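Colleague: Input: one structure, supplied below.
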Amino acid sequence: MSIELRQKAIKLLARREHTGAELAHKLAGHGTPEEIAAVVVELQTSHLQSDSRVAESYVRSHAARLGASRLRQNLKTRGVSGELIEAQFAPDALPDELERARAVWARKFSAAPADPREWARQARFLQGRGFAADIIRRLLKEPAGVLDE
Numbered sequence: 018m019s020i021e022l023r024q025k026a027i028k029l030l031a032r033r034e035h036t037g038a039e040l041a042h043k044l045a046g047h048g049t050p051e052e053i054a055a056v057v058v059e060l061q062t063s064h065l066q067s068d069s070r071v072a073e074s075y076v077r078s079h080a081a082r083l084g085a086s087r088l089r090q091n092l093k094t095r096g097v098s099g100e101l102i103e104a105q106f107a108p109d110a111l112p113d114e115l116e117r118a119r120a121v122w123a124r125k126f127s128a129a130p131a132d133p134r135e136w137a138r139q140a141r142f143l144q145g146r147g148f149a150a151d152i153i154r155r156l157l158k159e160p161a162g163v164l165d166e
């Protein structure tokens, strides 16, 4: 295992948390695949790199403005395993999806949709943020709960 490769990996991790896949991708031009895999495994065994820590941190920092499906997709793109992703979405791990969607909706829109065109615009916004269709329908059917709070 190359000392320079390990130092490069530690510098990358000092800037921000990376998944094992991200770390391997960023180190790709600096060593052989075997050396890179060895460095990543060594960092994981010494707890300097942890995919579960990355997933937990990502969900915690982005849950207030993204829906569960978008969070899952982003974690999958970053190379987090399916089991670790699902562990982040345990029933008690996050606030209610409808509450989060209401908060996102209230920050962007001040009034309930007045016509079908506005309803579609607001629904597209929420869908782009990763909220499920049933959550969007429930929210836009009775958004007044947000205005009362």
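Position one of the sequence shown corresponds to residue 18 (my numbering), numbered consecutively onward.
Where a beta carbon is used, it is the ideal one built from N, C-alpha and C, also for glycine.
As the structure is a computational prediction, the values presented were derived from the model and not from experiment.
#1: Quick test of your reading: Leu30 and Val56, contact by CB under 8 Å. State the CB separation rounded to the nearest angstrom.
#2: Can you grab the Cα-Cα spacing for the pair Ala118 / Phe148, in whole Å?
#3: Which whole-angstrom value describes the C-beta separation of Arg70 and Glu34, a residue pair presumed to lie in contact below a C-beta threshold of 8 Å?
#4: In terms of alpha-carbon separation, which member of Val58, Ser63, Asn91 and Leu60 lies closest to Glu73?
#5: Go ahead and label Asp68 buried or exposed: buried means 16 or more other beta carbons lie within 10 angstroms of its beta carbon, across all protein chains shown.
#6: With distance defined between alpha-carbon atoms, name the residue in Glu114, Arg89, Leu88 and Arg82 nearest to Lys125.
#7: Let me make sure I understand the geometry here. Which of Glu51, Val97 and Gly48 has the alpha-carbon closest to that of Gln66?
#8: For Glu114, which residues in the same chain have their Cβ closer than 8 Å to its Cβ, ignoring the five residues on either side in sequence?
#9: With a 10 Å radius around its C-beta and 16 neighbouring C-beta atoms as the bar for buried, classify Gln105 as buried or exposed.
#10: For the putative contact between Lys25 and His47, defined by C-beta atoms under 8 Å, what is the C-beta separation to the nearest angstrom?
#11: Output needed for Leu157: all residues of its chain with C-beta closer than 7 Å, excluding positions within five of it in sequence on either side, in chain order.
#12: Could you give the first and the last residue of the continuous alpha helix (DSSP H) run that contains Glu73?
Modeller: Working from what's here:
#1: Reading the sequence shown from its first residue, position 13 is the one you call residue 30. Reading the sequence shown from its first residue, position 39 is the one you call residue 56. With a Cβ gap of about 11 Å, Leu30 and Val56 do not count as contacting.
#2: Locating residue 118 in the sequence shown gives position 101, where the first residue counts as 1. Locating residue 148 in the sequence shown gives position 131, where the first residue counts as 1. Rounded to whole angstroms, Ala118 to Phe148 spans 7 Å at the Cα level.
#3: The residue labelled residue 70 in the question sits at position 53 within the sequence shown. The residue labelled residue 34 in the question sits at position 17 within the sequence shown. Indeed they touch by this definition, with Cβ atoms about 6 Å apart.
#4: Working through the sequence shown from its first residue, we reach residue 73 at position 56. The shortest C-alpha separation from Glu73 is found at Asn91.
#5: Locating residue 68 in the sequence shown gives position 51, counting from the first residue. Flag for Asp68 reads buried.
#6: Stepping through the sequence shown from its first residue, residue 125 is reached at position 108. Taking only the C-alpha atoms, the option nearest Lys125 is Arg82.
#7: Numbered from 1 along the sequence shown, position 49 holds the residue referred to as residue 66. Among Glu51, Val97 and Gly48, the Cα nearest to that of Gln66 is on Val97.
#8: Residue mapping note: residue 114 aligns to position 97 of the sequence shown, counting from 1. Excluding positions up to five away in sequence, the list reads Gly84, Ala85, Phe148, Ala149 and Ile152.
#9: Start at 1 with the first residue of the sequence shown, and residue 105 comes out as number 88. Under this definition Gln105 is a buried residue.
#10: Indexing the sequence shown from 1 puts residue 25 at position 8. Indexing the sequence shown from 1 puts residue 47 at position 30. Confirmed, about 6 Å.
#11: Position 140 of the sequence shown, counting from 1, holds the residue named residue 157. Excluding residues within five positions, the ones whose Cβ falls inside 7 Å are Pro130, Trp136, Gln139 and Ala140.
#12: In the sequence shown, residue 73 corresponds to position 56, counting from 1. Segment Asp68 to His79, the alpha helix (DSSP H) holding Glu73.
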